[in-house]
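Participant:
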Amino acid sequence: MKNNFTWIYILLFPILVIGQTDQKKEINQQLQTWVSINTVTKFADHWGIIGDFHIRRNDFVSDPSFYFIRGGVTYIPNSNVSLNLGYAHMWLAPSNEDWSTFANENRIYQQAQLNAKVANISILQRLRNEQRWQEKMVDDKPSGDWRFTNRIRYLMSFTFRISDKKSWPSMVLSDEILLQFGEEAVYNTFDQNRFFVGIKKTINPKWSYDFGYMNVYQQKYSGYQYDMNHTIRLFFYLNTSIRKKAPSTTENSGDE
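Using this note's numbering, read the sequence shown as starting at 329 and increasing by one per residue.
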């Protein structure tokens, strides 16, 4: 499974490069703040419930970008593998400055996650498939029409210690590629790329967080317009169990 994920990353990387070399580019630079809580609650030896809540703001914290909630069921055959299935909903703020109505997005997703360790480096690979129904807005009102796309996402993340002292945080480097398909994804099969660098700190056996800089480079539906989002990211992670056993060691890897 590990080798399969690695080959997927290698195959998708050239598509990312092609998607970023359009000579017509118009790039909109933005500063964002992104905060979330990501939970896993085990109710059986190999089964659990996952839940996320995300808030992303534009112009540092001045303007809304989106609100996002996701739930689902996870199957955890062992501490290295998890399989998820669930539903998510997004409230997306309008990009038109004269509009005020949020657009809705409904989403179904399937996910496989693999955790491994090489020497002192923890490696997380995640493959997620999403079916998305995005509400079309006209003159600041819902049009009654929906845009459907299928989106495939591949994340690879590396966590490594920078000191032998347990009180010190670990370093995190990750990158995620998002590609979408469908009749309406005419000019932007490449959806976005997310690069993150930061620290990760364990608070106690149940709680942890990561904090750092995320660059979100997103292609719009026009094909030549892009957002370059310089994002301050703070994600909290909670792993618990409703049984009298140790909480799950499998982390819900977050991201909207």
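We put the beta carbon where it would ideally sit given N, CA and C, even for glycine. For clarity, every value in this text was computed on a predicted model and none was experimentally measured.
Just to confirm before moving on: does the CB-CB distance between residue 431 and residue 393 stay below 8 angstroms?
Facilitator: For the purposes of this step, residue 431 is identified with residue 103 of the sequence shown, where counting begins at 1. For the purposes of this step, residue 393 is identified with residue 65 of the sequence shown, where counting begins at 1. No, the Cβ-Cβ distance between residue 431 and residue 393 is not below 8 angstroms.
Participant: So, are the CB atoms of residue 540 and residue 524 less than 8 angstroms apart?
Facilitator: Along the sequence shown, read from residue 1 onward, the residue named residue 540 stands at position 212. Along the sequence shown, read from residue 1 onward, the residue named residue 524 stands at position 196. Yes, Cβ-Cβ distance for residue 540 and residue 524 is below 8 angstroms.
Participant: Leaving aside the five residues before and after residue 581 along the sequence, list all residues of the same chain whose C-beta is less than 8 angstroms from its C-beta, in chain order.
Facilitator: The sequence position of residue 581 within the sequence shown is 253, counting from 1. Counting only Cβ-Cβ distances below 8 angstroms, and skipping sequence neighbours, we find 366, 441, 452, 454, 483 and 485.
Participant: Give me the Cα-Cα distance between residue 489 and residue 560, rounded to the nearest whole angstrom.
Facilitator: The count along the sequence shown starts at 1 and reaches residue 489 at position 161. The count along the sequence shown starts at 1 and reaches residue 560 at position 232. If you take the alpha carbons of residue 489 and residue 560, they lie about 22 angstroms apart.
Participant: Pair every Cβ in the stretch 474-483 with every Cβ in the stretch 551-558, then say whether three or more of these pairs are closer than 8 angstroms.
Facilitator: Cβ pair count under 8 angstroms is below three, so no.
Participant: Report the rounded CA-to-CA distance for residue 507 versus residue 520, giving the unit in angstroms.
Facilitator: For this step, residue 507 is matched to residue 179 along the sequence shown. For this step, residue 520 is matched to residue 192 along the sequence shown. Residue 507 and residue 520: Cα-Cα distance of roughly 7 angstroms.
Participant: Could you give the distance in angstroms between the alpha-carbon of residue 413 and the alpha-carbon of residue 438?
Facilitator: For this step, residue 413 is matched to residue 85 along the sequence shown. For this step, residue 438 is matched to residue 110 along the sequence shown. Cα-Cα distance, rounded: 5 angstroms.
Participant: In angstroms with no decimal places, state the Cα-to-Cα distance between residue 347 and residue 403.
Facilitator: Indexing the sequence shown from 1 puts residue 347 at position 19. Indexing the sequence shown from 1 puts residue 403 at position 75. The predicted model places residue 347 with a pLDDT of 48, which falls under 50 and marks its position as unreliable; any figure quoted below should be read in that light. Whole-angstrom Cα-Cα distance: 35 angstroms.
Participant: So within the stretch 435-508, which uninterrupted beta strand (DSSP E) runs reach at least 3 residues, ignoring any that extend past its ends?
Facilitator: Whole beta strand (DSSP E) segments, 3+ residues: 449-466 and 469-489.
Participant: Take residue 428 and list the residues in its own chain whose beta-carbon comes closer than 8 angstroms to its own, dropping the five residues that flank it on each side.
Facilitator: As a working mapping, residue 428 is identified with position 100 in the sequence shown. Once the five neighbours on either side are set aside, the close Cβ partners of residue 428 are 422 and 468.
Participant: What does DSSP give as the partner residue(s) for residue 370 in the beta ladder?
Facilitator: As a working note, residue 370 is residue 42 in the sequence shown. Residue 370 is bridged to 376 and 569.
Participant: Considering just the uninterrupted stretch of the beta strand (DSSP E) at residue 538, what are its terminal residues?
Facilitator: As a working mapping, residue 538 is identified with position 210 in the sequence shown. That run of the beta strand (DSSP E) goes 535-547.
Participant: Measure the C-alpha to C-alpha separation of residue 562 and residue 400 and round it to an integer number of angstroms.
Facilitator: For this step, residue 562 is matched to residue 234 along the sequence shown. For this step, residue 400 is matched to residue 72 along the sequence shown. Going by the C-alpha atoms only, they are around 22 angstroms apart.
Participant: Along the chain, where does the beta strand (DSSP E) containing residue 410 start, and where does it finish?
Facilitator: For the purposes of this step, residue 410 is taken as the residue at position 82 of the sequence shown. Note, residue 410: beta strand (DSSP E), 409-420.
Participant: In whole angstroms, what is the alpha-carbon distance linking residue 531 and residue 378?
Facilitator: As a working note, residue 531 is residue 203 in the sequence shown. As a working note, residue 378 is residue 50 in the sequence shown. Going by the C-alpha atoms only, they are around 20 angstroms apart.
Participant: By Cβ distance below 7 angstroms, which residues in the same chain neighbour residue 353 in space, the five residues on each side in sequence not counted?
Facilitator: Within the sequence shown, numbered from 1, the residue matching residue 353 stands at position 25. Result list for residue 353: 552 and 554, in chain order.
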